[in-house]
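Enquirer: Would you mind keeping the following structure in view while I ask a few things?
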Amino acid sequence: MSGGTIMKFGENIQLQRENHNMSQQELADILGVTRQSVSKWENDTSLPSFKNVLAIGALYDVSLDELIRGDERLVEKFEDRSAGHYTPVEIILFALIVASVVVFILRNFDAKLANWPYLVNMAFYTIQLIAFITVLIMAPWRRINELLRQNKWFFFVVLVWVLLVFTPDMVDFFRGFLDGFFGSVKQY
């Protein structure tokens, strides 16, 4: 950024890429994106993710401030994301998790609710399963792994919590399995 001119992000990454004698394809391969994505960034028709902006800065040894200075769209994109705006999928996931926790608490602490009709129980189990699968898909596994490695006590707290929550269900499952297995063996 010589001469005091402020470049847009696309111009800036194109300049950095060319200064490092890289093609769009080489940059795309390093970032794990398509060449078309890099082209769109350079033409200012789309914006990269924050992760890719950081990776570009690290690759070219350029500060984040230098990379995005002057490109208000990019600054606004990152400010919007950090201001607590959630995607519809994140909102639905949060609602499913809250519903799962509420149903779990109600079913385990109120005997009347434990005898709900079969279809109602299946609906709640389905909601819990969808929430669980969504968490597995969307979880930031790298950050979770780092957290567990850095904080051993946190790992043990999570482990104890999982065991406390799932032990009754696991015991019921194995009892039911064994009762069914041995019940069928006795018949023969």
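My numbering applies: residue 897 is where the sequence shown begins, and numbers increase by one.
Think of the CB as a built atom: it goes at the ideal place given N, C-alpha and C, for glycine as much as any other residue.
Identify whether D925 lies in helix, strand or coil by the three-state DSSP scheme.
Expert: Counting from one through the sequence shown, the residue named residue 925 turns up at place 29. Helix, per DSSP.
Enquirer: Under the assumption that F1050 contacts L1043 (Cβ atoms under 8 Å), give the Cβ distance between them as a whole number of angstroms.
Expert: Counting from 1 along the sequence shown, the entry for residue 1050 is found at position 154. Counting from 1 along the sequence shown, the entry for residue 1043 is found at position 147. Their Cβ separation, rounded to whole angstroms, is 6 Å, which keeps F1050 and L1043 in contact under 8 Å.
Enquirer: Would you kindly check if the distance between the Cβ of L992 and the Cβ of T1022 is under 8 Å?
Expert: Counting from one through the sequence shown, the residue named residue 1022 turns up at place 126. Counting from one through the sequence shown, the residue named residue 992 turns up at place 96. Cβ atoms of T1022 and L992: not closer than 8 Å.
Enquirer: Would you tell me roughly how many angstroms separate the C-alpha atoms of S1034 and K1082, rounded to the nearest one?
Expert: Position 138 of the sequence shown holds residue 1034. Position 186 of the sequence shown holds residue 1082. Per the sequence presented here, residue 1034 reads as Met, with Ser not at that position. The straight-line gap from Cα to Cα measures roughly 46 Å.
Enquirer: In angstroms with no decimal places, state the Cα-to-Cα distance between V929 and F1020.
Expert: Against the sequence shown, residue 929 aligns to sequence position 33. Against the sequence shown, residue 1020 aligns to sequence position 124. Taking the straight line joining both Cα atoms gives about 39 Å.
Enquirer: Are at least three pairs of beta-carbons, each pair with one atom in the segment 934-949 and one in the segment 993-1001, less than 8 Å apart?
Expert: Judged by Cβ distances under 8 Å, the segment 934-949 makes no contact with the segment 993-1001, as fewer than three pairs qualify.
Enquirer: So is E938 buried or exposed if we call it buried at 16+ other beta carbons inside 10 Å?
Expert: As a working note, residue 938 is residue 42 in the sequence shown. Under this definition E938 is a buried residue.
Enquirer: Where does Q1046 land, buried or exposed, given buried means 16+ other C-beta within 10 angstroms?
Expert: Stepping through the sequence shown from its first residue, residue 1046 is reached at position 150. Per the 10 Å Cβ criterion, exposed.
Enquirer: Out of curiosity, what's the CA-to-CA distance linking V1058 and F1073?
Expert: By one-based count along the sequence shown, residue 1058 stands at place 162. By one-based count along the sequence shown, residue 1073 stands at place 177. Each residue's alpha carbon lies about 22 Å from the other.
Enquirer: Going by other Cβ atoms of all chains shown within 10 Å of its Cβ, with 16 needed for buried, is V934 buried or exposed?
Expert: Looking up residue 934 in the sequence shown gives position 38. So V934 counts as buried.
Enquirer: What residue range is occupied by the uninterrupted alpha helix (DSSP H) comprising S935?
Expert: Stepping through the sequence shown from its first residue, residue 935 is reached at position 39. Element bounds for S935: R931 to E938.
Enquirer: Could you spell out the range, first to last residue, of the alpha helix (DSSP H) harbouring V958?
Expert: Here residue 958 refers to the residue found at position 62 when the sequence shown is read from its first residue. First-last for V958: undefined, no H or E at that position.
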